[in-house]
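Q: Residue numbers (this note's numbering), protein chains in the order written: chain A, 1 to 351; chain B, 1001 to 1032.
Where a beta carbon is used, it is the ideal one built from N, C-alpha and C, also for glycine.
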Amino acid sequence: APAPHFLQARSRLLPLLVFSGTGYLGYDQYGRYQDRRLAELGIEAPPPLASDNQVALYRSIPTRLVSRAWGRLNRVELPAWLRKPVYRLYIWTFGVNMKEAEVEDLASYRNLGEFFRRPLKPHTRPVCPSSCVISPADGRVLHCGRVVNGELEQVKGVTYKLHDFLGPITWGSTPNTGGHDPSLPDPAAFEEQLLCSPGNQLYHCVVYLAPGDYHRFHSPADWTIEHRRHFPGPLLSVSPSVARRVRSLFCVNERVALAGRWQHGFFSLVAVGATNVGSIRIYCDQELQTNAPRYTTGSYNDRSYTSPLAASPSSPLAASPSSPLAASQEELPGIGLALRKGEPLGEFNLG
Amino acid sequence: STVVLLFEAPPDFSFSLRPGQPIRFGQPLGSL
């Protein structure tokens, strides 16, 4: 008797999948072999950048919508019997160290979103007392070094422009809302504008937070935040494999840039969102809303922390009672928000 | 998610890190 129709279709599909899969693996292995050969010869292979069409195709995926749906799903309270298996699977998949978590009892986390932003036990992360700048988060260093000619590196060999990343320098003047900057200044001149002291240099460091990492971030130095700029945008993945292929990835994605000053001049911390981790919370800024449908991509929304309104106790910028900053934040009217090294600053959330 | 730090410092600032290195909150990034 002839085989059923679905079995016939499967038997035709299987060789096709096997051949295409084998072909892809062969092509991938050949690429790796070429890289090894070049490395043996002392030639550094350029990173295989995605073409404009590939990036456009990726950007056409409604990542913001997917991210918001993911966030909504992760705000649903899980039944008590389901919590431990779900969180254990997450712990096993991403290598979470629950011994460091302030609350080790898995059943007490109502949903995955709450579990994701879990705080750590006090003193689990000692803050280096001698260094003037510390890591603000747990993660992996993607790149660090000097800013050269107004360009930063997201990974070795893949650069992006400082101006595209931070937007025009308007802090210190009238705050701008929803602005676009038509002028594109000389990258090196833009870098010079940021520097406060002649002879100083601009440095940058990129820290990637993997899914299993502690997802809160802290003040990396003693500094004063003067300005916040929120760039709504798509939420592409920022995993190292994507960062190696998509140029200017950090200038595309939704992000929150905090700018201010420290003992040596300009200081900035930029939190960049991703598909799964689309929303960013800054504890001292209750007005900030990220990954919200009302914002259009390609614009930015500014907030000055130096205005008298920003520093008044009734201001929405004042730390909320639930904020980890409530007890320690130092408000300096007309100057900005003074933070000490290691103080809680914000967190990433699922969706 | 990613955190990017951008700061001004004297030219003798040096990072004590290398790309790919795991890092924890509170660890030093570099020194003057």
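1. Is F1043(B) helix, strand or coil by DSSP?
2. Decide if K121(A) is buried, meaning its Cβ has at least 16 other Cβ atoms within 10 Å, or exposed.
3. Using the DSSP secondary-structure output, state which residues sit across from W70(A) in a beta bridge.
4. Going by other Cβ atoms of all chains shown within 10 Å of its Cβ, with 16 needed for buried, is I1023(B) buried or exposed?
5. Please report the straight-line C-alpha distance between E276(A) and H230(A), rounded to a whole angstrom.
6. Since G342(A) and I134(A) are thought to touch, with beta carbons under 8 Å apart, how far apart are those beta carbons, to the nearest angstrom?
7. List, in chain order, every chain B residue whose beta-carbon is nearer than 9 Å to that of Q201(A).
8. State the start and end residues of the unbroken alpha helix (DSSP H) segment that holds T93(A).
9. Under a Cβ-count criterion, where at least 16 other Cβ atoms within 10 Å of its own Cβ denotes burial, should L73(A) be classed as buried or exposed?
10. Which two residues bound the contiguous alpha helix (DSSP H) that contains L166(A)?
11. Suppose you measure from the CA of T1002(B) to the CA of F250(A); what does that come to, to the nearest Å?
12. Using a Cβ cut-off of 8 Å, which residues of the segment 110-140 of chain A contact any Cβ in chain D, in chain order?
13. Going straight from the alpha carbon of G145(A) to that of H204(A), what length do you get?
14. Please compile the residues from chain B whose C-beta is within a distance smaller than 9 Å of the C-beta of V270(A).
15. Assess contact between the segment 136-150 of chain A and the segment 1024-1032 of chain B, defined as three or more Cβ pairs (one per stretch) separated by less than 8 Å. Is contact present?
16. Once the 5 residues before and after P220(A) are set aside, which same chain residues still bring their CB inside 6 Å of it?
17. Under 8 Å, Cβ to Cβ, is there at least one residue of chain B near V66(A)?
18. Over what stretch of residues does the beta strand (DSSP E) that includes A392(A) continue unbroken?
19. Can you round the beta-carbon distance between D285(A) and R228(A) to whole angstroms, since I take them to be within the 8 Å contact cut?
20. Terminal residues of the continuous beta strand (DSSP E) containing L345(A)?
21. On the DSSP letters alone, give me the boundaries of the beta strand (DSSP E) that R75(A) sits inside.
22. Tell me which residue opens and which closes the beta strand (DSSP E) that G265(A) is part of.
23. Mind checking A80(A): buried by the 16 CB within 10 Å criterion, or exposed?
24. For G1030(B), list the residues DSSP reports as bridge partners.
25. Thinking just about the alpha-carbon of each residue, which of R75(A), L16(A), Q29(A), S307(A) is nearest to the one in W171(A)?
26. Which of the three DSSP states, helix, strand or coil, is assigned to F217(A)?
27. Which one or two residues does DSSP pair with D302(A) in a beta bridge?
28. Whose C-alpha, out of A188(A), E102(A), H143(A), is nearest the C-alpha of T124(A)?
29. Tell me, please, whether the CB atom of W262(A) is closer than 8 Å to any CB atom in chain B?
30. Using only CA atoms, which one of G212(A), A107(A), L162(A) lies nearest to E100(A)?
31. Going by DSSP in three states, A117(A) sits in which element: helix, strand or coil?
32. Apart from the five residues on each side of it in sequence, which residues of its chain come closer than 6 Å, Cβ to Cβ, to H264(A)?
33. Could you check what DSSP says for E153(A) in three-state terms: helix, strand or coil?
34. Please list the partners that G273(A) has in chain B, where partner means a Cβ-to-Cβ separation under 8 Å.
35. R64(A) and E347(A): beta carbons closer than 8 Å?
36. Quick check: is the beta carbon of C144(A) nearer than 8 Å to any beta carbon in chain B?
A: Taking the definition as stated:
1. Outside the displayed range of chain B (1001 to 1032) lies residue 1043(B), so it cannot be described from this structure.
2. Exposed is the call here.
3. W70(A) pairs with nothing; no bridge assigned.
4. Buried, by the Cβ-count rule.
5. In the sequence on display, residue 276(A) carries Asn and not Glu. Between N276(A) and H230(A), the C-alpha separation is close to 18 Å.
6. Taking the Cβ atoms as the reference, G342(A) lies roughly 7 Å from I134(A), within the contact range of under 8 Å.
7. The contacting residues are E1008, A1009, P1010, P1011, F1013.
8. Residues 80-94.
9. Counting Cβ neighbours within 10 Å, L73(A) comes out exposed, since fewer than 16 surround it.
10. In this chain, the alpha helix (DSSP H) harbouring L166(A) covers 162-166.
11. C-alpha separation (whole angstroms): 9 Å.
12. In the displayed structure, chain D is absent; the protein chains listed are A and B.
13. Straight-line Cα distance between these residues: approximately 6 Å.
14. Against chain B, a Cβ distance below 9 Å from V270(A) picks out T1002, V1003, V1004, L1005, L1006.
15. Under the three-pair Cβ rule at 8 Å, the segment 136-150 of chain A counts as touching the segment 1024-1032 of chain B.
16. Here the set comprises V133, I134, P136.
17. Output row for V66(A): interface = no.
18. It is not possible to answer for residue 392(A), since the shown part of chain A is limited to 1 through 351.
19. Correct: roughly 6 Å between the Cβ atoms.
20. Annotation for L345(A): the continuous beta strand (DSSP E) segment containing it runs 344-349.
21. That residue, R75(A), is in no beta strand (DSSP E); it is neither H nor E in DSSP.
22. Secondary structure note for G265(A): its beta strand (DSSP E) is the uninterrupted segment 265-272.
23. Answer is exposed; the Cβ neighbour count stays below 16.
24. In the DSSP output, where bridge partners are listed per residue, G1030(B) has F1015(B).
25. Ranking the options by Cα distance to W171(A), first place goes to S307(A).
26. Three-state result, F217(A): strand.
27. D302(A) pairs with R229(A).
28. Nearest option by C-alpha distance: E102(A).
29. Answer yes: the Cβ-Cβ gap between W262(A) and chain B drops below 8 Å somewhere.
30. The shortest Cα separation from E100(A) among G212(A), A107(A), L162(A) belongs to G212(A).
31. Note on residue identity: the sequence assigns Arg, not Ala, to residue 117(A). Assigned with DSSP and collapsed to three states, R117(A) falls in coil, not helix or strand.
32. Cβ-Cβ distances below 6 Å link H264(A) to nothing in the same chain once the five nearest sequence neighbours on each side are left out.
33. Residue state, collapsed to three classes: strand.
34. Against chain B, a Cβ distance below 8 Å from G273(A) picks out S1001.
35. Cβ atoms of R64(A) and E347(A): not closer than 8 Å.
36. Closer than 8 Å: yes.
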